[in-house]
Structures are given as C-alpha cells and as structure tokens.
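Input: a single structure, listed below in structure tokens.
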Amino acid sequence: MPVPPPETSDNSERIDPAPRLVGWKEIAAYLDKADRTVKRWGRDRGLPVHRVPGVANTSVYAYPVELDRWLESAHAAELTSPEKTEEIELQGNEPVIGVPAIESLAAVTVPVSPRTFWSPKRKWAIAFVAILLIAIGVNGAIGISGGGPPTDLLSSFFAKKHRPSNSAASLVTSDAEKKIARDYYLRGRYEWNQRTPESLNRALDLFTQAIVHDPNDAHAYVGLADTYDLLREYSTASDSEVFPRAIAAARKAVALDNSLAEAHRALAFAEMYGSWDFVDAEKEFRLAIALNPGDPQARRWYANAFAMPGRYAETLKQMDKAQELDPSSHSTLADKGWMLYNSGKTEEAITLLKEVERSAPEFRSPHFYLMLISLDLRDYPTYLSEGQLAAQSMDDPVLKDIINFARAGYKRNGDQGLLEALYAKQKEYYQAGKLRATTLAKTCALIGKKQEALKLLEQAYDSHDADVLSCLSHPDLLTLKDEPKYQMLVRRINFPEASATTSQPNLARIGSGPLDTTTPQH
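Residue numbers (this note's numbering): 2 to 523.
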C-alpha cells in the first residue's frame, strides 16, 4: 500500500495529552454513578472507555472531554435520568440502542490476519469516534455495498459544549480549540506515517482527539479514513473491520468539505478495496487529482488500484507523475518497480527495486516485492534472502516461519523441496486462520494445483477479501485464465476493462502450463 512522505517531523511541537480518568471508580465518580452502572454503560451503551492496546488485563481509562460529549447524545441524556438508571439496573439484557458495546470494542481482539507479512494476533484500541463509525457504518447505515451514513450524527456527537438535547444551536469552535485540533491532527499524521500497528493505533486516538476539539475538521476525518485504510496492511485488522469505518469517515469528510482533495482520495481508496465500487472509486480518484494535481499520493494510489492488464501504460504514467512530484518517496519507487514487473519490464523493475533497497534497507516494500518476483522467476536463493529481510522489517513471525521452513526444504531437496515446504507451511497457517486464501492460491497455481487455487479464490471472493482482486493481475494466478471457474470469477468481480481472456506479458516467461514439481524449473 502506498506510503506518503511525513507531513510533520520528529521535533514538531507537542501538546500535553488529554487528562485521563483511570479505572472504573474514577470514571464512576466523575459521572456520579455506581461502578456497576458505568460498567453496564460501557458494555451496552457506548460509554467511551478505552484500554491500553496490546496489554492484557489492563485497567480501563476515559477522557473527561469524551464523557462530556457522550452525555450530550440524546440516548445518553435519557439514559442518565433517575428513572432510566433504575430501569437499566433491573433490565441488564435490554437491547443496545444507538452504539454498540464499547467495553468489548475498546480493546478489540482482532482476528489474526491471513497475510504472510502481517504482525501476529494483537489487540488494538478502537478510538472513540471509531465506535460511532461502527454504529453508523456496520449497523446498517453503510455496508459493503455502500450507502451514506447520517453524517450530521458525527458532528453532533462531538458537540463542543453541553446543551439541551433539543437545542438547534449550531456548533461553534473557538480558534483556540481549532489550534488544539490542528496540533492533534499533525501529531496523528506523524504517527500515521510511521506505518506500524502501534503507530496507527496512536494515530486513531490523535485524530479522534482532533475531532473532539473540532467536530467540523474535515482533515481529521480524512486522517481517520486513511488510518483505517492502512490498518488492513499494517496490522491484523480484517477488511470487514476497517473498510466500512474508512468509508464512513471519508464520506463525513466529503460532506464537511467537498472541495478537499484528500477526502475524495480517501473515499476512492476505501470504495476500491472495501465496497468494490470500481466505477465510483475511479471517479473519486480522478476528482481528487483534479482538485489537487500536485498530490503524489492520489496519483500513486490511483495507479496502484487500476494497474491491470490493458491499463499499465496509463497507470505507469500516473506513477511517473507521482515520482516527479515526490522524487524522494521510497514508496512511490517501490510501487513503480512492482508495477513495471507486472507489465513485463522485468529487468527495469528489479534494477529500480534494488536501488530502493540500497537507499532504504529498513523499508519493507522493496524486500517484499523482490521476494515475490524471485519466487515468480524461480530464483529460490534470492527468494529466501529477500523473504527473510521482508519478515525482519516488519517483525512478522508468520513470514519468518514460512521462509525458514522453505529454506529447510530447499536444503533437503532443492527446488522441489522448497516448493513442497512452502505449500505445506502456508496451508498450515491458512487452516489456522493466519494466511489469506489468495496467498495460498498463488502457491497452488505456481505448483500446478489449479483446482485448489480456484477453490481458494472463490472462498476469498465469498468473504469479500480485497486480495482476490490480484487474480486480475498476478502472473501465477493469470495462468488460470483458461479455466471456466476463473473466467466466472472475473465476471463476478466485474472490474472495468478486465477480461478473463486478457493475457499478460510475464505469462510468456512463466508458460501456460503448471509447474511440474517432479522436474523443478528455474
């Protein structure tokens, strides 16, 4: 996934974090309620409580400013009335209204992602605004097929001052509050640019704080959308968890400022990979570029999204323009190298990726792309070395184990031993829920297990896994292009200008038949 240059530096001005209430007793005292009441509100009513991500059995904490905002919501006002409090004490199984249970969501245990280069199972904090996005996004307002969230709810939920629930007063944010919100936003962007699960969780919290201080800050909602877009790649979060939230946040940003290019860019990305609304995603990408022709990230994301057979000339032009706008971006150069390879320019691609690797040895993308290319080219020693570097760069134990197992197979029985070990270990992780179906499908296609590969791709499609889109461009998966099931899958995906019969330059290198594992090829 594309990575833009940092928008702020390490020495950017820092502001003191918002004061916290630590533990249920402090939270209950602040709200002047019993412990059991606030615990129930946290579980059933969306009371904004948090847990430290990645730490088991940690105490909950809350921000007073968030509790104040929560109290202003219509359902909270009703909830805190004396008669309703008593009713809740007696009816603990009452259906949830408004927002889902926050005690479980504040420290969500994210399922282990089936991507080989992702981090292991971990907990990540869901920011306060994320809870609201879940409520409006997952619980019916938007779904995988789209649909607009009630965007006014987002702003009203972050009202700046206590007021009666029936007040029609418009939200007014002071200059001081806007400055605080801007500081939080810049800090969030810094964390966002670090591209780690931990930094992205911090970014969620900082963008949330920006919205708390300025509910009409479109940039903060863009930050939230961008963070959710990246969580899929840089954490163990699933598509169904991140993309509905990203779409909701991006649509809110567009509603606040339709002229903001970054808002359309974020919406385009989320629609592309989340709702698979390819036509609208392309329109949003083009609108983002038209609004800000100098944004390299919009061009890079657009190029990556539509880098398919038949469109490489167009997307490479966009990538070239992104490189002109930001010539020092390692992400742009690495993504360009991968795109060059898939378009058939193998030598040029490898040269560029090795240049990026030399200039940024800790950067994951060139190692990962060279790992994939080396496996595709049957250059197994390079595959093993680049795979090890890719795993180390993200401290990914799953990929480390796969590479080590493949290396042992290679030492034991050469090329065939490596492929057998690779397939066996990947299948083990897939069955354990730690590897995406499409990753195993590529290996199956590589070693000639066509029917298993097709079944895995169908499973990926049925689960709405965005990685299934790689069947339109990945060289190994394109070896399946003559299979009726593959052709049906491509028709179901319904990608613009994609065709089940479209050939791809690198297929000539691979050959049209399966890899004969009894006679290893190089």
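Glycine residues also receive a C-beta, built at the ideal position from the N, C-alpha and C atoms.
Residue i - containing alpha helix (DSSP H), residue span
i: Asp380; result: Segment: none, Asp380 is in no alpha helix (DSSP H) and carries neither H nor E.
i: Gly338; result: 331–343
i: Lys451; result: 451–463
i: Trp302; result: 297–306
i: Thr38; result: 36–45
i: Cys445; result: 438–447
i: Glu67; result: 65–73
i: Trp193; result: 176–195
i: Thr480; result: Run containing Thr480: none; DSSP gives neither H nor E here.
i: Ala1; result: With the chain running from 2 to 523 in the structure shown, residue 1 is simply not present.
i: Phe270; result: 262–271
i: Arg203; result: 198–214
i: Asp240; result: 240–257
i: Asn397; result: The sequence shown places Asp at residue 397, not Asn. Per DSSP, Asp397 belongs to no alpha helix (DSSP H) and is neither H nor E.
i: Val223; result: 219–235
i: Met489; result: 485–494
i: Met309; result: Here Met309 belongs to no alpha helix (DSSP H), and DSSP marks it neither H nor E.
i: Arg359; result: 347–360
Chain-order list of residues whose beta-carbon lies under 7 Å from that of residue i (same chain, five-residue window excluded)
i: Thr197; result: Tyr235
i: Leu354; result: Ala335, Gly338, Pro367, Tyr370, Leu371
i: Asp466; result: Asp240, Arg437, Ala438, Thr439
i: Lys180; result: none
i: Glu356; result: none
Residue burial classification, residue i (beta-carbon count within 10 angstroms, cutoff 16)
i: Ala182; result: buried
i: Ser330; result: buried
i: Asp226; result: In the sequence as presented, Asp is not what sits at residue 226; that position holds Ala. Counting Cβ neighbours within 10 Å, Ala226 comes out buried, since at least 16 surround it.
i: Val255; result: buried
i: Gly415; result: exposed
i: Asp36; result: exposed
i: Asn305; result: buried
i: Gly295; result: exposed
i: Gln298; result: buried
i: Lys318; result: exposed
i: Ala350; result: buried
i: Asp176; result: exposed
i: Asp477; result: buried
i: Lys85; result: Any answer about Lys85 is weak, because its pLDDT of 42 lies below 50 and its placement is not dependable; what the coordinates show is given next. Result: exposed.
i: Met273; result: buried
i: Lys26; result: exposed
i: Val23; result: exposed
Contact set for residue i: own chain, Cβ-Cβ below 8 Å, skip 5 residues either direction
i: Ala531; result: What is shown of the chain runs 2 to 523, which leaves residue 531 out entirely.
i: Arg493; result: Tyr462
i: Thr333; result: Pro3, Pro297, Arg301, Met320, Ala323, Gln324, Asp327
Same chain, Cβ closer than 6 Å to residue i, neighbours up to 5 away in sequence not counted
i: Ser105; result: Its pLDDT being 27, under 50, Ser105 is placed unreliably by the model, and the measurement read from it follows with that caveat. Here the set comprises nothing.
i: Gly189; result: Ala204, Leu207, Phe208, Gly224
i: Tyr185; result: Leu207, Gln210, Ala211
i: Lys486; result: Leu455
Proximity test, residue i beta-carbon vs the ligand NAP heavy atom, cut-off 6 Å
i: Leu334; result: The ligand content of the structure shown is nil, which means the ligand NAP is not present either.
Residue-chain proximity (residue i, chain E), Cβ-Cβ < 7 Å
i: Phe244; result: The structure shown contains no chain E; it holds only a single protein chain.
Review point. Counting Cβ pairs closer than 8 Å, one from the stretch 451–459 and one from the stretch 378–390, do we hit at least three?
Key: no
Review point. Given 8 Å as the limit, is there contact between the stretch 282–298 and the stretch 254–268, that is, 3 or more CB pairs closer than that?
Key: yes
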